[in-house]
Amino acid sequence: MTSQTYAYYPGCTLRSSAKEYDISARLVCQKLGIELRELEDWACCGASSAHTTSELLSIALPARELQAAEQVGLPLAVACAMCFSRLKHAAHDLADEAKLAQVSGILGKELRNSTQVVHLLQVIEGCINTVPLTRRLSGLKVACYYGCLLVRPREVMNFDDEENPQMMDRLIETLGAEAIDWDLKVACCGASLPLTRRDIVLKLSHRLLSQARQLGADCVAVACPMCHSNLDAYQKEMETEYGERLELPILYFTQLVGLALGFSPKQLHMDRHFTDPMPMLRDKGLA
Amino acid sequence: MTLGSISPSPCSDLCNFVRERTGQNVLDCYQCGKCSAGCPAGYVMDLGPRQVMRAIQLGLKEELLASKTIWLCVSCQTCSARCPANIDIARVMESLRWLAAVEKTTPAEKEIEVFHRAFLGVVKRFGRAQELLLAAWYNLLSKNPLANISLLPGMLTRGKISFLPARVKGGVEVKRIFDKVKAIERG
Numbered sequence: 005m006t007s008q009t010y011a012y013y014p015g016c017t018l019r020s021s022a023k024e025y026d027i028s029a030r031l032v033c034q035k036l037g038i039e040l041r042e043l044e045d046w047a048c049c050g051a052s053s054a055h056t057t058s059e060l061l062s063i064a065l066p067a068r069e070l071q072a073a074e075q076v077g078l079p080l081a082v083a084c085a086m087c088f089s090r091l092k093h094a095a096h097d098l099a100d101e102a103k104l105a106q107v108s109g110i111l112g113k114e115l116r117n118s119t120q121v122v123h124l125l126q127v128i129e130g131c132i133n134t135v136p137l138t139r140r141l142s143g144l145k146v147a148c149y150y151g152c153l154l155v156r157p158r159e160v161m162n163f164d165d166e167e168n169p170q171m172m173d174r175l176i177e178t179l180g181a182e183a184i185d186w187d188l189k190v191a192c193c194g195a196s197l198p199l200t201r202r203d204i205v206l207k208l209s210h211r212l213l214s215q216a217r218q219l220g221a222d223c224v225a226v227a228c229p230m231c232h233s234n235l236d237a238y239q240k241e242m243e244t245e246y247g248e249r250l251e252l253p254i255l256y257f258t259q260l261v262g263l264a265l266g267f268s269p270k271q272l273h274m275d276r277h278f279t280d281p282m283p284m285l286r287d288k289g290l291a
Numbered sequence: 016m017t018l019g020s021i022s023p024s025p026c027s028d029l030c031n032f033v034r035e036r037t038g039q040n041v042l043d044c045y046q047c048g049k050c051s052a053g054c055p056a057g058y059v060m061d062l063g064p065r066q067v068m069r070a071i072q073l074g075l076k077e078e079l080l081a082s083k084t085i086w087l088c089v090s091c092q093t094c095s096a097r098c099p100a101n102i103d104i105a106r107v108m109e110s111l112r113w114l115a116a117v118e119k120t121t122p123a124e125k126e127i128e129v130f131h132r133a134f135l136g137v138v139k140r141f142g143r144a145q146e147l148l149l150a151a152w153y154n155l156l157s158k159n160p161l162a163n164i165s166l167l168p169g170m171l172t173r174g175k176i177s178f179l180p181a182r183v184k185g186g187v188e189v190k191r192i193f194d195k196v197k198a199i200e201r202g
């Protein structure tokens, strides 16, 4: 077991539609000896709209959270890929001294831009080997889906390869499961368009799930609540629109890690998904 | 005709705006088309990303601000990752939306613009985004009260909706950030 402490920024969706991500992340981190100290009174980072509206707002909102982490003097662990992207972009833009001074003025607080921002996937992948697994996820084929925001653009995110990232694949293989080789792991799911241009979300997300299914995946692992919602909540609509049976459970990577660390599907809130993973898990002897 | 007379110089005002706001020089674009080839939303755009880059070089501001493209871009950043001239095309696309906001252009994809306004409206008032409020606010602004309710029962039974707006104690701080940004942008 390791011993690490992070300031923790869950992000808005982890309080509502992605509660299971928050719950499973906390369980897993506790077991791995990673202490997550939730930032006090955190606010929205502005994703997915501030950056489409105003450059300055898109930096100032995440800067408030960067400053709060700076105050507690800890690296900031982020769960949501969208928030991670906005916080990293802000930190990148604040390297410019004039911008830093301007944004400090807006916040009315001293901002040094010294916070190191990491994603939970990096944190957990980095120390999964420090505890013994309770059960290996043998026989489970997982399509690791990174989406856009974790990896692009490389010079800002500094996360993994932009076209063929491996971090989640490595983690999943460490759990004893098989990470399938597929070429849509960084393709777009339709992002924030489900309320406005559902047609685009259905087309892009269907393309992803259809390929994952054809390549024999039992489930898709994600690290982003927006990707999760698009792939899971709209899956039935995709099936109707494209006349194809998908029934592909979409799980947060933290739920798969939790399973291997001995937590039950119930503890990991796997009953919250639209596509029920239980039949698949029972079939694999994992539930 | 000399070669000099056909070079795209001096740079259009639009080129300068984009360069000032994003640090990106669109004159580096030599129209290879890799951005359009990889764009996931390209199939619904009226101008592909490559055409957008060319239009900026030529200073075609009205055409660009009236295009669907600037709203349909989902900021997936595939174009930026693949551009051989290292232009952050997604950022350039964002800057056109900032310009559309400043110039108060009627958006060609109205709902998308309304969605972003609704999102920020919720954040400004409550400090955090919250799906139910966002959907309600969006429906109100788009004058379509019953839009997107098909998922509601499933969201409810799965406990995916929280009813209380998560009002942040520092909500005043968040609102102040919005107000100060607005004041600076208005000059």
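As they're listed, the protein sequences go chains A and B. With the numbering used here as the guide, the letters of the first sequence map in order to residues 5 to 291. With the numbering used here as the guide, the letters of the second sequence map in order to residues 16 to 202. Using N, Cα and C, we set each Cβ at its ideal position, and we do this for glycine too.
Against chain A, a Cβ distance below 7 Å from residue 167/B picks out nothing, because the smallest value is about 11 Å. Assigned with DSSP and collapsed to three states, residue 285/A falls in helix. The segment 151-168 of chain A and the segment 254-274 of chain A do not touch, with fewer than three beta-carbon pairs separated by less than 8 Å.
Cβ neighbours of residue 147/B within its own chain (closer than 6 Å, five residues either side excluded): 176. Counting along the chain, residue 41/A sits inside the beta strand (DSSP E) bounded by residues 38-42. Given a length threshold of 4 residues, each whole run of the alpha helix (DSSP H) inside the segment 91-152 of chain B is given here in chain order: 93-97, 104-118 and 125-141. Within the same chain, 254, 277, 278 and 279 come within 6 Å of residue 236/A by CB-CB distance, once the 5 residues on both sides are set aside. Straight-line spacing of the CA atoms in residue 238/A and residue 202/A works out to 9 Å.
Three or more beta-carbon pairs drawn from the segment 84-99 of chain A and the segment 48-64 of chain A are found closer than 8 Å, and the two stretches are therefore classed as touching. DSSP places residue 239/A in the helix class (H, G or I) of the three-state scheme. DSSP lists no bridge partner for residue 84/B.
Remark: C-beta atoms of residue 79/A and residue 122/A approach each other more closely than 8 Å. The beta strand (DSSP E) runs of length 3 or more contained entirely in the segment 139-175 of chain A are, from start to end of the chain, 145-148.
Of the other Cβ atoms in all chains shown, 16 or more fall within 10 Å of the Cβ of residue 65/A; this residue is therefore buried.
Around the beta carbon of residue 45/B, a 10 Å sphere encloses fewer than 16 other beta carbons of the protein chains shown; the residue is thus reported as exposed.
For residue 82/A, the pairing in a beta bridge is given by DSSP as 13/A and 123/A. Between residue 36/A and residue 128/A, the beta carbon gap of about 7 Å places them in contact (Cβ cut-off 8 Å).
Shown here, residue 190/A sits in coil according to DSSP, grouped into three states, outside any helix or strand. The beta strand (DSSP E) runs lying completely inside the segment 192-216 of chain A and spanning 3 residues or more number zero. Look at the beta carbons and you see the segment 127-142 of chain A not touching the segment 84-91 of chain A: under three pairs across the two are nearer than 8 Å. Classified as buried, residue 173/A has 16 or more neighbouring CB atoms from the shown chains inside 10 Å of its CB. About 5 Å separates the beta carbon of residue 132/A from that of residue 178/A, a gap short enough to meet the 8 Å contact definition. Under the three-state reduction of DSSP, residue 256/A is assigned to strand. For residue 135/A, the three-state secondary structure derived from DSSP is coil.
Burial state of residue 45/A is exposed, judged by a 10 Å Cβ sphere holding fewer than 16 other Cβ atoms.
About 13 Å separates the CB atoms of residue 227/A and residue 147/A; that is not less than 8 Å, and the two are not in contact.
Between the segment 104-120 of chain B and the segment 149-169 of chain B there are fewer than three inter-stretch CB-CB distances shorter than 8 Å, so the stretches are not counted as touching. By the beta-carbon neighbour count (other beta carbons within 10 angstroms, threshold 16), residue 103/B is buried. For residue 223/A, the uninterrupted beta strand (DSSP E) run begins and ends at 223-226, by DSSP.
Judged by their CB atoms, residue 208/A and residue 184/A are not nearer to each other than the 8 Å cut-off. Shown here, residue 64/A sits in a helix according to DSSP, grouped into three states.
Between residue 27/B and residue 74/B, the C-beta spacing is below 8 Å.
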